[in-house]
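So the sequence shown is residues 1 to 268, counted in the working numbering. Here a beta-carbon is modelled for each residue, glycine too, at the ideal position from N, C-alpha and C. Note that the coordinates shown come from a computational prediction; the quantities given were computed from them, not determined experimentally.
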Amino acid sequence: MRIVGQTLTVRYGSRKVLDRVGLAIEPGELLGLVGPNGAGKTTLLRALAGLTPPDAGRVLADGHDLAAMPAETRARRVACLFQAPMAGWPLLAEEIVALGRLPHRHPFGRLAQADHAAIERAMGATDTLHLRGRRDTALSAGERMRVLLARALAVEAEILLADEPIAALDPGQALDAMALLRRLARGGTGVVVVLHDLTLAARFCDRIVVLDRGCVAAEGAPAVALTDAVLRDVFDIEVVRGHADGDAYLVPWVRSPLPHAPPMERRR
């Protein structure tokens with residue numbers, strides 16, 4: 001499945017959050033979406049999922065209008081992971097992951113053997129099998145994020161849209177999660193991941209889109225999208241670059257010297 005967002009514009013009241021953004025999600029690709037806070041990353045993800053209707057532009061799925069696709073079909077083909085509060089009632093971790101199978105089941109129907117197998121695969125891939133009997137209220141932030149990632153994987157969709165899936169993870173778990181997303185992409189799934197960790201984005205993503213103030217500031221392979229000039233203009237930072245095990249890496253190091261105004265004033 002290929003998803004294309006064409007000149008997407010989204011407004012919240014009088015504020016334009018996305019301004020004529022174009023983006024394609026290719027099968028078998030891990031696409032990183034990066035940008036400062038408030039750049040429009042989550043809004044773009046929601047628009048691509050069909051959850052936030054754009055004020056202008058449209059989203060196509062294999063050439064057809066995504067908005068015209070039945071909600072049940074869309075839920076089976078596009079899996080989403082967004083930042084969310086606790087469930088509000090004491091669900092078991094395994095029950096949370098089982099919610100990912102709802103698009104494949106009849107309302108109030110029991111889990112089938114295929115559902116149990118998908119849940120087992122998802123929890124195994126995210127190292128959450130040992131949490132299956134733990135209640136949501138007893139999970140740490142990192143454990144809960146891994147359970148939510150397992151729920152998204154359990155859908156076994158053609159497209160996965162993940163909003164900051166490594167935000168609460170420790171460094172080792174973050175590496176595991178990014179490696180998992182890359183393996184998922186290599187298996188043919190189109191994966192879009194919102195990241196603030198530029199080091200991991202540069203290392204794991206096939207392509208990166210940089211958003212700034214609702215517009216695409218740069219797009220391409222990591223070496224093309226995350227140039228020194230882009231990082232100065234968008235993030236106001238300087239980076240240290242190097243190579244390890246044959247791969248290039250970058251590490252945010254210091255704020256860029258600004259001749260005119262501090263970063264927050266310059267973006268107003």
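Buried/exposed call for valine 97, threshold 16 Cβ in 10 Å
Classification for valine 97: buried.
Nearest-angstrom Cα distance between arginine 101 and alanine 154?
The C-alpha of alanine 154 is placed about 6 Å away from the C-alpha of arginine 101.
Would you identify the three-state DSSP class for alanine 167, choosing helix, strand or coil?
Here alanine 167 sits in coil by DSSP.
Measuring CA to CA, which of Pro103, Gly63, Leu45, Gly13 is closest to threonine 73?
Minimum Cα distance to threonine 73 is reached at Pro103.
Buried or exposed: aspartate 245, going by 16 or more other Cβ atoms within 10 Å of its Cβ?
That one is exposed.
Close Cβ partners of glutamate 156 (< 7 Å) along its chain, the five nearest in sequence each way excluded
Excluding positions up to five away in sequence, the list reads Ala118.
Residues bridged to isoleucine 119 by DSSP?
BP columns for isoleucine 119 are empty, so no partner.
Taking 8 Å as the limit between beta carbons, can you name the residues of its chain near valine 216, skipping five residues before and five after?
Here valine 216 has Val21, Gly22, Leu23, Val209, Val210 as same chain residues with Cβ atoms under 8 Å from its own Cβ, once five neighbours each way along the sequence are excluded.
What's the call for glycine 214, buried or exposed, on a 16-neighbour Cβ count within 10 Å?
By the Cβ-count criterion, glycine 214 is buried, with 16 or more other Cβ atoms from all chains shown falling within 10 Å of its own Cβ.
Alanine 177 classed as buried or exposed, judged by whether at least 16 other C-beta atoms fall within 10 angstroms:
By the Cβ-count criterion, alanine 177 is buried, with 16 or more other Cβ atoms from all chains shown falling within 10 Å of its own Cβ.
Tell me the DSSP secondary structure of histidine 130 in three-state form.
Residue state, collapsed to three classes: helix.
Should the stretch 247-254 be regarded as contacting the stretch 197-205, the criterion being three or more beta carbon pairs within less than 8 Å?
Enough Cβ pairs lie closer than 8 Å, so yes.
So what does DSSP say about proline 252, is it helix, strand or coil?
Three-state result, proline 252: strand.
What is the DSSP secondary structure of arginine 207, counted as helix, strand or coil?
Arginine 207 falls in the strand class under three-state DSSP.
Between the C-alpha atoms of leucine 198 and isoleucine 3, what's the straight-line distance to the nearest angstrom?
For leucine 198 and isoleucine 3, the distance between alpha carbons rounds to 24 Å.
Rounded C-alpha distance that separates lysine 41 from aspartate 115
Distance between the alpha carbons of lysine 41 and aspartate 115: 31 Å.
How do the stretch 46-65 and the stretch 129-147 stand: do at least 3 beta-carbon pairs fall below 8 Å, yes or no?
No, because fewer than three Cβ pairs between the stretch 46-65 and the stretch 129-147 fall closer than 8 Å, the two stretches do not touch.
Can you look up glycine 269 in the DSSP assignment and give me helix, strand or coil?
Residue 269 lies beyond the range of the chain shown here (1 to 268); nothing can be said about it.
Thinking C-alpha only, which one of Leu31, Ile25, Arg58 is nearest aspartate 19?
Ranked by Cα distance from aspartate 19, the options Leu31, Ile25, Arg58 are led by Arg58.
Alanine 223, buried or exposed, once every other Cβ within 10 Å from all chains shown has been counted against 16:
By the neighbour-count rule (16 or more Cβ atoms within 10 Å), alanine 223 is not buried but exposed.
Whose CA, out of Ala218, Ala39, Leu180, Leu8, lies closest to the CA of leucine 30?
Comparing Cα-Cα distances from leucine 30 to each of Ala218, Ala39, Leu180, Leu8, the minimum goes to Leu180.
Looking at leucine 149: is its Cβ nearer than 8 Å to the Cβ of proline 165?
Yes, Cβ-Cβ distance for leucine 149 and proline 165 is below 8 Å.
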